[in-house]
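Sequential numbering from 1 applies to the sequence shown in the UniProt record's numbering. For reference, the structure is listed below as structure tokens.
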Amino acid sequence: MMSMQVGSQGRQHVLRGTRPNISVRKSASHIAAYRTATAANGMLTAEQVAQFQRDGFLVIERFASLEDCAKLRRRMDTLLHDFDPKTISIFTTKDQAKKTDNYFLNSASDVGFFFEDKAFDEDGKLRQAKELSINKVGHALHDLDPIFREFSRSPAVCNVLRSLGYKRPLPVQSMYIFKQPSIGGEVVPHQDSTFIHTTPLSCIGLWWALEDATKDNGCLWAIPGIHKQGLKRRFLQAPDSSVHFDAPQPLYDMSAFVPLECPAGTLVLLHGENVHYSAENTSPISRHSYSMHLVESGNGVTWSPDNWAQRAPDNPWQPLFG
Numbered sequence: 001m002m003s004m005q006v007g008s009q010g011r012q013h014v015l016r017g018t019r020p021n022i023s024v025r026k027s028a029s030h031i032a033a034y035r036t037a038t039a040a041n042g043m044l045t046a047e048q049v050a051q052f053q054r055d056g057f058l059v060i061e062r063f064a065s066l067e068d069c070a071k072l073r074r075r076m077d078t079l080l081h082d083f084d085p086k087t088i089s090i091f092t093t094k095d096q097a098k099k100t101d102n103y104f105l106n107s108a109s110d111v112g113f114f115f116e117d118k119a120f121d122e123d124g125k126l127r128q129a130k131e132l133s134i135n136k137v138g139h140a141l142h143d144l145d146p147i148f149r150e151f152s153r154s155p156a157v158c159n160v161l162r163s164l165g166y167k168r169p170l171p172v173q174s175m176y177i178f179k180q181p182s183i184g185g186e187v188v189p190h191q192d193s194t195f196i197h198t199t200p201l202s203c204i205g206l207w208w209a210l211e212d213a214t215k216d217n218g219c220l221w222a223i224p225g226i227h228k229q230g231l232k233r234r235f236l237q238a239p240d241s242s243v244h245f246d247a248p249q250p251l252y253d254m255s256a257f258v259p260l261e262c263p264a265g266t267l268v269l270l271h272g273e274n275v276h277y278s279a280e281n282t283s284p285i286s287r288h289s290y291s292m293h294l295v296e297s298g299n300g301v302t303w304s305p306d307n308w309a310q311r312a313p314d315n316p317w318q319p320l321f322g
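What follows is the structure in structure tokens.
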């Protein structure tokens, strides 16, 4: 197991309790403590690696240029314009197992468009333009779209993974997330390794703010250090293609989360066992972001055959390097 991976040992208590209002407020100095400047060409410093291992996340400002952010947004504008919503698939994390359909499962090797739960009226018609109704686009942008592929496989991205000890990092999922004004859905507290599982655990999330992310428009919130408590549950695909969680949703102390407010261009690294969430966006301002999840695929690491995401042998995932 690589040095950045943390098993189920460590602190043994589990944060449980009722879930209060998620608008927890932290001081500006508390928030700033989790920010770090970008390293040259993506190479993390020893201090940044240590901070990531300690907290389970790392906020790297100015990783992507504003021009890069605008380029991804323009490309998504084009993809949305060309999208003909003949298939309606809704994405929500509140009832995810029941809402997951074949369109979602097939998107592991395609580019799918998923609507917000609140995008439709009582008659099943869109309340507003499709461009303002999509929750996310995924999950193979990093492979299939040339603009997103170039960004996802840049030398700087490769150097981040090298800095963390990856030998053959494999991008297995990518998403463009809109967090639409007024209807951008909540993403409930979760661990990425729940959905992207290897033996041993090796998942890491890369999340870029393409627009400023604030508490008002649904920024990420994360619990420092909780990744050391290990993985709590998995999202499994059965042989008949049905999906389910193997354990109930844990209840977390919401006051333990810290907001990861950040300007456009920021990269947030998320350990696969870190617990994070984002609140519903009830503001009039969108919060576009792009995320990619990777695993180690070198010797001794196995992709779990009951993960929801699977690729056919003639269409394998492609490593960044190695």
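Here a beta-carbon is modelled for each residue, glycine too, at the ideal position from N, C-alpha and C. Quantities reported herein were computed from a predicted structural model and do not represent experimental measurements.
Taking C-alpha atoms, which residue in the options lies nearest to residue i?
i                 : options                           : result
glutamine 51      : Cys69, Val268 and Gln249          : Val268
asparagine 159    : Pro319, Leu44, Asp306 and Ser283  : Leu44
proline 200       : Leu236, Ser304, Leu260 and Ile60  : Ser304
leucine 266       : Cys69, Glu47 and His190           : The question names leucine, yet the displayed sequence has threonine at residue 266. With distances taken between Cα atoms, threonine 266 lies closest to Cys69.
alanine 313       : Ile226, Ser109 and Gly56          : First, the residue type needs correcting, since residue 313 is proline and not alanine in the sequence shown. Out of Ile226, Ser109 and Gly56, Ser109 has the C-alpha closest to the C-alpha of proline 313.
cysteine 203      : His81, Gly272 and Gln173          : Gly272
arginine 75       : Ala37, Glu150 and Asp101          : Glu150
serine 278        : Phe245, Tyr166, Gln180 and Ser241 : Gln180
threonine 302     : Thr198, His81, Leu132 and Val111  : Thr198
serine 182        : Val111, Trp207 and Asp117         : Asp117
isoleucine 90     : Trp207, Phe104, Pro319 and Arg73  : Phe104
proline 189       : Gly42, Lys125, Cys219 and Phe113  : Cys219
alanine 64        : Arg287, His81 and Ser152          : Ser152
arginine 225      : Arg233, Ala256, Gln249 and Leu251 : As written in the sequence, residue 225 is glycine, which differs from the arginine given in the question. Of the listed residues, the one whose Cα sits closest to glycine 225 is Ala256.
phenylalanine 235 : Pro263, Gln191, Trp208 and Trp207 : Gln191
phenylalanine 115 : Ala46, Arg73, Val137 and Ala309   : Val137
leucine 132       : Ser154, Ile196 and Arg287         : Arg287
proline 171       : Ser291, Pro263 and Asn102         : Ser291
isoleucine 223    : Asp253, Ser242 and Leu231         : Asp253
residue 344       : Lys130, Gly230, Gly184 and Pro263 : Residue 344 lies beyond the residue range present for the chain, which begins at 1 and ends at 322; the question has no answer from this structure.
proline 319       : Val111, Gln128, Lys167 and Ile147 : Lys167
tyrosine 101      : Gly298, Gln229, Asp240 and His276 : For clarity, residue 101 is aspartate in the given sequence; the question names tyrosine instead. With distances taken between Cα atoms, aspartate 101 lies closest to Asp240.
Can you tell me whether residue i is buried or exposed? The criterion is at least 16 other CB atoms within 10 Å of its CB, across all chains shown.
i                 : result
aspartate 145     : buried
phenylalanine 321 : exposed
threonine 78      : exposed
arginine 54       : exposed
asparagine 307    : buried
leucine 164       : buried
asparagine 315    : exposed
glutamate 261     : buried
serine 3          : Note that serine 3 scores a pLDDT of 33, beneath 50, so its modelled location is shaky; the value from the coordinates is reported in the next line. The residue is exposed, with fewer than 16 neighbouring Cβ atoms inside 10 Å.
arginine 25       : Reliability fails at arginine 25, whose pLDDT of 44 lies under 50, so the model's placement of it is uncertain and no value is given.
asparagine 135    : buried
histidine 244     : exposed
leucine 251       : exposed
arginine 62       : exposed
alanine 37        : exposed
alanine 40        : exposed
serine 242        : exposed
proline 248       : exposed
Could you tell me the distance, in whole angstroms, from the CA atom of residue i to the CA atom of residue j?
i                : j              : result
alanine 156      : aspartate 123  : 47 Å
glutamine 237    : proline 169    : 23 Å
isoleucine 88    : asparagine 274 : 31 Å
alanine 213      : leucine 294    : 23 Å
glycine 205      : leucine 270    : 5 Å
glutamate 186    : glutamate 280  : 4 Å
isoleucine 285   : asparagine 217 : 6 Å
isoleucine 177   : isoleucine 60  : 19 Å
glutamate 296    : tryptophan 317 : 12 Å
histidine 139    : glycine 42     : 24 Å
leucine 210      : histidine 81   : 19 Å
proline 85       : leucine 126    : 11 Å
arginine 311     : histidine 142  : 14 Å
aspartate 121    : serine 283     : 20 Å
phenylalanine 57 : glutamine 173  : 19 Å
lysine 71        : glycine 300    : 38 Å
alanine 33       : proline 259    : 11 Å
leucine 66       : aspartate 246  : 41 Å
phenylalanine 83 : serine 154     : 27 Å
lysine 98        : alanine 46     : Low per-residue confidence applies at lysine 98: pLDDT is 48, beneath 50, and the placement is therefore not dependable enough to give any value.
Return the first residue and the last residue of the alpha helix (DSSP H) that residue i is part of.
i              : result
asparagine 299 : Careful: asparagine 299 lies outside any alpha helix (DSSP H) and carries neither H nor E.
lysine 71      : 66-82
leucine 144    : 141-144
tyrosine 103   : 102-106
proline 155    : 155-163
Check for me: the beta strand (DSSP E) holding residue i runs from which residue to which?
i                 : result
glutamine 237     : 235-237
tyrosine 176      : 169-177
proline 189       : 187-190
glycine 322       : First-last for glycine 322: undefined, no H or E at that position.
phenylalanine 115 : 111-115
Where DSSP assigns a beta bridge to residue i, which residues make up the other side?
i             : result
glutamate 61  : Ala37
histidine 244 : Leu236
tyrosine 45   : This sequence places threonine at residue 45; tyrosine is not what is there. According to DSSP, which records beta bridges pairwise, threonine 45 is partnered with nothing at all.
aspartate 290 : Checking the displayed sequence, the identity of residue 290 turns out to be tyrosine instead of aspartate. BP columns for tyrosine 290 point to Tyr176 and Trp208.
tyrosine 277  : Trp221
leucine 269   : Leu58 and Leu206
residue 324   : Nothing can be reported for residue 324, as the shown portion of the chain is limited to 1 through 322.
Taking CB distances under 8 Å as the criterion, tell me whether residue i reaches chain C.
i              : result
tryptophan 308 : Looking for chain C here will not work: only one protein chain is present.
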